[in-house]
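A.B. asks:
2 protein chains.
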Amino acid sequence: MRILKYALLGMLNKQDMTGYELMKLFEGALSEFWSVKHSQIYPELKRLTEEGMVTYTVEISGSVLEKKLYSITELGRQDFMKWLGQTHKMKATPKEEFRLQLFYSSALAPERQVYILENQLKQHNARLEHLKKNQSEFGEVPKRGTYEFSDYLVLLGAIRREEATCNWLKECIDMCKED
Amino acid sequence: MRILKYALLGMLNKQDMTGYELMKLFEGALSEFWSVKHSQIYPELKRLTEEGMVTYTVEISGSVLEKKLYSITELGRQDFMKWLGQTHKMKATPKEEFRLQLFYSSALAPERQVYILENQLKQHNARLEHLKKNQSEFGEVPKRGTYEFSDYLVLLGAIRREEATCNWLKECIDMCKED
DNA sequence: TAATAACATGTCAATACTTACATGTTATTA
DNA sequence: TAATAACATGTAAGTATTGACATGTTATTA
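Sequences listed follow chains A and B, in order.
Note that numbering that gives the first Met the number 0 has the first sequence beginning at 0, numbered continuously upward.
Note that numbering that gives the first Met the number 0 has the second sequence beginning at 0, numbered continuously upward.
What follows is the structure, encoded as structure tokens:
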């Protein structure tokens, strides 16, 4: 499917960037729905260069440190826009180790079952707080048509997802403790 | 991490099964949080056999068709229970192609942006209806401590997740159409 | 009874992803 | 100024996963 390809092209469609800067972006807001390691980014940029989807110029940082500033080409932009305009079928639900564990958890002592649920709730609550803090930094909702608006929509999606997860975990805990 | 290992051991901890039956289970309720292809199951069962985590007996179905009925061993059960009782750190958020697409969607015409959102909503609504149908087949909430109870909890989780996704998508559509 | 769907088990090649290895520069701060 | 963190770019080995290839049996239904 080469989705990483489109993740990178999408960024370079906004502005020229180095591999390192791309990596940093994937550690930030994007990490809520896509994660990549630098060991995957550099080879993919190399491949995209060979395919003519991107080009780069070598910039000197300081006195000797070379860095590659990548730009999207017209070919790359066309390929990206084609992907962006398409509707995509939902993929198989993502794997979640915790839900698998919960699925089998009847084999545990009831207190332990509640404990792992509470542990998970704690982790998701922490993430939710973090996301809400990010949201508050927006101040008001960005204008439609801007990239900030899209940033806001996906952040909202991450918040709604965490809220739902926290509420579900609380429901589970209540049901486990009932009378 | 070998999570597939625990997915398989967890099933065999409930009852003896063939590779084919395991595969069928991963196409059912489990598919909401774990998916596996048969091409991954058979080699993993082979490996677990070599490791002494499972054993099998060959059963004859009909007159000649051989099938392998797998059982968990004491070693396998101990390893599984160790995993089951542990608390696990949340993994990096699962990859979602649609959210990546939405993140870049400011480069699209506004009507197209709304169209892909509505398409996604349609797909998630369909899945939600399907999950609710499954829930209604439970009749009432199963008793705590049974495997049915765990089945119910993870189904509830899938429903809450889809509800949140649908609500978020509606929010996005409204925000795109505002005034 | 012939066709078809479901049962049943595997391998292989390719892709995707992670972890560790490997190296060196530049900016900050103690 | 010395240490440290951040910048910067790669490779290699191993694990995980998918999709295609490969084969044959049994049950159902038209």
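We treat Cβ as the ideally placed atom computed from N, Cα and C, and that holds for glycine.
Got a sec: is the Cβ-Cβ distance from Q100(A) to anything in chain B below 9 Å?
C.D. replies: Numbered from its first residue, the first sequence carries residue 100(A) at position 101. Yes - at least one Cβ of chain B is within 9 Å of the one on Q100(A).
A.B. asks: Report the three-state DSSP secondary structure of E58(A) (helix, strand or coil).
C.D. replies: For the purposes of this step, residue 58(A) is taken as the residue at position 59 of the first sequence. In the structure shown, E58(A) sits in a strand (DSSP, three-state: E or B).
A.B. asks: With burial defined as no fewer than 16 other Cβ atoms inside 10 Å of the residue's Cβ, what is the status of L47(B): buried or exposed?
C.D. replies: In the second sequence, residue 47(B) corresponds to position 48, counting from 1. By the 10 Å Cβ count, L47(B) comes out buried.
A.B. asks: In this structure, does DSSP put S30(A) in helix, strand or coil?
C.D. replies: Position 31 of the first sequence, counted from the start, is the residue given in the question as residue 30(A). It is helical.
A.B. asks: In this structure, does DSSP put K23(A) in helix, strand or coil?
C.D. replies: By one-based count along the first sequence, residue 23(A) stands at place 24. Here K23(A) sits in helix by DSSP.
A.B. asks: For S34(B), tell me which candidate among F25(B), P42(B) and Y41(B) has the shortest Cα-Cα distance.
C.D. replies: On the second sequence, position 35 is the one that residue 34(B) refers to. Nearest C-alpha to S34(B): F25(B).
A.B. asks: Quick one: what's got a C-beta closer than 7 Å to D15(A)'s C-beta in the same chain, skipping five residues either side?
C.D. replies: Numbered from its first residue, the first sequence carries residue 15(A) at position 16. Contacts found: L68, Y69 and S70.
A.B. asks: Identify the residues that DSSP records as bridge partners of L68(B): which are they?
C.D. replies: To locate residue 68(B), count along the second sequence from 1; it is residue 69. Answer by DSSP bridge pairing, in chain order: T56(B).
A.B. asks: In this structure, does DSSP put M0(B) in helix, strand or coil?
C.D. replies: The residue labelled residue 0(B) in the question sits at position 1 within the second sequence. Residue state, collapsed to three classes: coil.
A.B. asks: In the DSSP assignment, find the alpha helix (DSSP H) that holds Q134(A) and state where it starts and stops.
C.D. replies: Taking the first sequence and counting its residues from 1, the one referred to as residue 134(A) is at position 135. Taken as a continuous stretch (DSSP letters only), the alpha helix (DSSP H) holding Q134(A) covers P109 to S135.
A.B. asks: For R160(B), which option in L8(B), Y5(B), A6(B) and F32(B) has the closest C-alpha, if you only look at C-alpha atoms?
C.D. replies: What you label residue 160(B) is simply residue 161 of the second sequence in a count that begins at 1. It is F32(B) whose Cα lies nearest to the Cα of R160(B).
A.B. asks: Using 9 Å as the limit for Cβ to Cβ distance, is D150(A) near chain B?
C.D. replies: As a position in the first sequence, residue 150(A) is number 151, starting the count at 1. Yes, D150(A) counts as interfacial toward chain B.
A.B. asks: Quick check: the Cα distance between N12(A) and T145(B), rounded to an integer number of angstroms?
C.D. replies: Along the first sequence, one-based indexing puts residue 12(A) at 13. Along the second sequence, one-based indexing puts residue 145(B) at 146. Cα to Cα, the separation comes out at about 53 Å.
A.B. asks: Can a CB atom of chain B be found closer than 9 Å to the CB of I59(A)?
C.D. replies: The count along the first sequence starts at 1 and reaches residue 59(A) at position 60. With 9 Å as the cut-off, I59(A) does not count as an interface residue toward chain B.
A.B. asks: Using a Cβ cut-off of 9 Å, pull out every chain B residue sitting near K4(A), in sequence order please.
C.D. replies: Within the first sequence, the letter at position 5 stands for residue 4(A). None at all; the shortest Cβ gap to chain B is about 11 Å.
A.B. asks: With DSSP as the reference, identify every bridge partner of M16(A), one or two as the case may be.
C.D. replies: As a position in the first sequence, residue 16(A) is number 17, starting the count at 1. Looking at the DSSP assignment, M16(A) forms a beta bridge with Y69(A).
A.B. asks: Classify K36(B) as buried or exposed, calling it buried when 16 or more other Cβ atoms lie within 10 Å of its own Cβ.
C.D. replies: Translated into positions along the second sequence, residue 36(B) becomes position 37. The residue in question, K36(B), is exposed, as its Cβ has fewer than 16 Cβ neighbours within 10 Å.
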